[in-house]
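Under the working numbering, residues 64 to 412 are what the sequence shown spells out, in order.
Heads up, the beta-carbon is just placed ideally off N, CA and C, and yes, glycines get one too.
Owing to the predicted nature of the structure, the values given are computational and were not obtained by experimental measurement.
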Amino acid sequence: MNELLDNPDALSMSYEEWRSWVTDVLKEPRFRADQICRWIYDKKVFDCHSMTNLSKELRDRFAYESPVRVPIQIKESKSKDGTRKFLWQMEDGCRVESVLLDHAAHTTACVSSQAGCPLGCVFCATGRAGYSRDLTAGEIIGQFLVMEQRLGRNINNVVFMGMGEPLLNAVSVFKSVRALNHPKMRGLGGRHITLSTSGVPQGIRDLADFEVPARLSVSLHAPNDALRGKLMPINKRYPLSALVEAMRYYKKRSGERVTIEYVLIEGVNDDPSLAFEMAALLDGLGVYVNVIPYNPIADGDGAKPMRRPSESRIKAFCAALTELSIEHEVRREKGTDIMAACGQLAARA
Ligand code: SAH
Ligand code: SF4
Numbered sequence: 064m065n066e067l068l069d070n071p072d073a074l075s076m077s078y079e080e081w082r083s084w085v086t087d088v089l090k091e092p093r094f095r096a097d098q099i100c101r102w103i104y105d106k107k108v109f110d111c112h113s114m115t116n117l118s119k120e121l122r123d124r125f126a127y128e129s130p131v132r133v134p135i136q137i138k139e140s141k142s143k144d145g146t147r148k149f150l151w152q153m154e155d156g157c158r159v160e161s162v163l164l165d166h167a168a169h170t171t172a173c174v175s176s177q178a179g180c181p182l183g184c185v186f187c188a189t190g191r192a193g194y195s196r197d198l199t200a201g202e203i204i205g206q207f208l209v210m211e212q213r214l215g216r217n218i219n220n221v222v223f224m225g226m227g228e229p230l231l232n233a234v235s236v237f238k239s240v241r242a243l244n245h246p247k248m249r250g251l252g253g254r255h256i257t258l259s260t261s262g263v264p265q266g267i268r269d270l271a272d273f274e275v276p277a278r279l280s281v282s283l284h285a286p287n288d289a290l291r292g293k294l295m296p297i298n299k300r301y302p303l304s305a306l307v308e309a310m311r312y313y314k315k316r317s318g319e320r321v322t323i324e325y326v327l328i329e330g331v332n333d334d335p336s337l338a339f340e341m342a343a344l345l346d347g348l349g350v351y352v353n354v355i356p357y358n359p360i361a362d363g364d365g366a367k368p369m370r371r372p373s374e375s376r377i378k379a380f381c382a383a384l385t386e387l388s389i390e391h392e393v394r395r396e397k398g399t400d401i402m403a404a405c406g407q408l409a410a411r412a
C-alpha cells in the first residue's frame, strides 16, 4: 500500500485505493474520490486541471502526485463495415491495438491485456509477433476510456479478446474488470464484460473463487489433445482434462454458463465428426458455441497456409452442432480489411 501511495498510477487504482489516497495523501474528505472518479470514468476528463469542482491547489497536487496517463493514439484505421482499430503507445514505448465494433444497437470494445502474447497459437497473428510485457490495469482501462472519449458516447460491452492472454495477467486484468464494473467508477455490468482465455485452469478457478464480475469464454478450437496441441502450444502445459475440469468447477461454483470459441480452419478442425467429439468432451456443461471462421493472417511462415472453410463446410459443422442440441452461432468477421478481426492484431505501425 505504501509503495502505491508513493507512486500511484491513477488509472490502476481501485475505488478503495482512491479513497485511501485522497484521505491519507491529499488529506481531503473521502467524497473527493467520488468526484475524481466521476471526471475520469463518466466525463472522460483526464487532465486534472480541467476538474473544475476541485480547488486550484488540489488540482496542482493531484497533477503532481498522480497524473492520469492514458495511452497515446498512434494510428486509427477505419473499416468499410464501420469497425475502428486503434494503435496505442504506452509510456515506455510499447504498442498494442484495440478494436471498436459499432453495431446498430450496441458498441463493443475489444481490448488488449498484454503487449503481444507468449502463447504462440499457430493461427494467430498476435502469437506470431511475440511477447513484450503484461499491461497494467490502468493501461487496459485506458484503452477503453480513450475509445469512449473518441466515440463521444458510452460503449456497451467490453471483451478481452485483443492482444494477449488475460489469465496470464490475471491480477491486472481482474483489477481492470472491477474498475470497469464498480458503480462509483465506470459502472459497466458484469454481463457486459467478457474474458476470453486459451485455457489457463487456475485462472478459470480464480474467476469463480474471487467472483470476478465478467463472463467467461474458452478458446477450444479442437476436442482432443493431439489436434489441440498442434494448434495451441499451451495445451501441452494444460491438457484438455485439466481445462475441462476447471470449466466444470467454474460452472458449479459460479452457476454461469461458459461460451466456447471454435475457430474453424479448413481441413484442420472443421470435420463435423469433431463436433460430436466436442459434445462428448463437454457433456453436461451446457455450453454456447461461437463458431469463428478463420481470419487470414499476414506473414505466412512457409508452412502449409491456413484457410477459411467454404460456406458449405461451415454449414456442415453447424448442422452437427444443431443435431447435438448445442446452441451456437457463426461469428461473422468484422474489420478484416484493416486487419482488425479476431486473431489479426499485431500492432504494426
Ligand atoms: N488469448 C485469448 C484472447 C485473445 S484472442 C484467447 O486466445 O482466447 C481472441 C479470439 O480470437 C480467440 O478465440 C482466438 O482463438 C481467436 N483467434 C485467434 N486467431 C484467429 C484467427 N486467425 N481467426 C479467427 N479467430 C482467431
Ligand atoms: Fe495468444 Fe490468444 Fe493469440 Fe493464442 S489466440 S496466441 S492465446 S492471443
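- About 6 Å separates the beta carbons of H284 and N332, which is inside the 8 Å limit, making them a contact pair.
- For L182, the shortest separation between its Cβ and any heavy atom of ligand 2 lies below 7 Å.
- Nearest in C-alpha terms to V131, of all of V236, I204 and G318, is I204.
- Taking a cut-off of 8 Å on C-beta distances, the segment 236-244 touches the segment 271-280, as three or more cross pairs fall below it.
- Here the alpha carbons of S304 and E160 stand approximately 33 Å from one another.
- Relative to the Cα of G252, the nearest Cα in the group L74, A242, V209 and S259 belongs to A242.
- Taken from the Cβ of M226, at least one heavy atom of ligand 2 lies inside 7 Å.
- Put simply, the backbone Cα of T199 is about 41 Å away from that of K378.
- Distance between V352 and M153, taken at the CA atoms: about 35 Å.
- Collapsing the DSSP output to three states places A305 in a helix.
- In this chain, the alpha helix (DSSP H) harbouring G190 covers A188 to A192.
- At a threshold of 7 Å, T257 does not count as near ligand 2, since its beta carbon sits no closer than that to any of the ligand's heavy atoms.
- In the structure shown, A233 adopts helical secondary structure according to DSSP, grouped into three states.
- Around the beta carbon of Q265, fewer than 16 other beta carbons sit within 10 angstroms, so the residue counts as exposed.
- When DSSP states are grouped into helix, strand and coil, S140 belongs to the strand group.
- Secondary structure at I218: coil, using DSSP grouped into helix, strand and coil.
- The three-state secondary structure of V240, taken from DSSP, is helix.
- Within a 10 Å sphere around the beta-carbon of D155 sit fewer than 16 other beta-carbons, which makes this residue exposed.
- Rounded to the nearest whole angstrom, the C-alpha separation of I323 and L279 is 9 Å.
- Inclusion of G406 in the 7 Å shell around ligand 2 follows from its C-beta lying nearer than that to a non-hydrogen atom of the ligand.
- Counting every other CB atom within 10 Å of its CB across the protein chains shown gives Y127 a total below 16, marking it as exposed.
- Annotation note: the segment 349-397 contains the following uninterrupted beta strand (DSSP E) runs of length 3 or greater, listed N- to C-terminal: 351-356 and 391-393.
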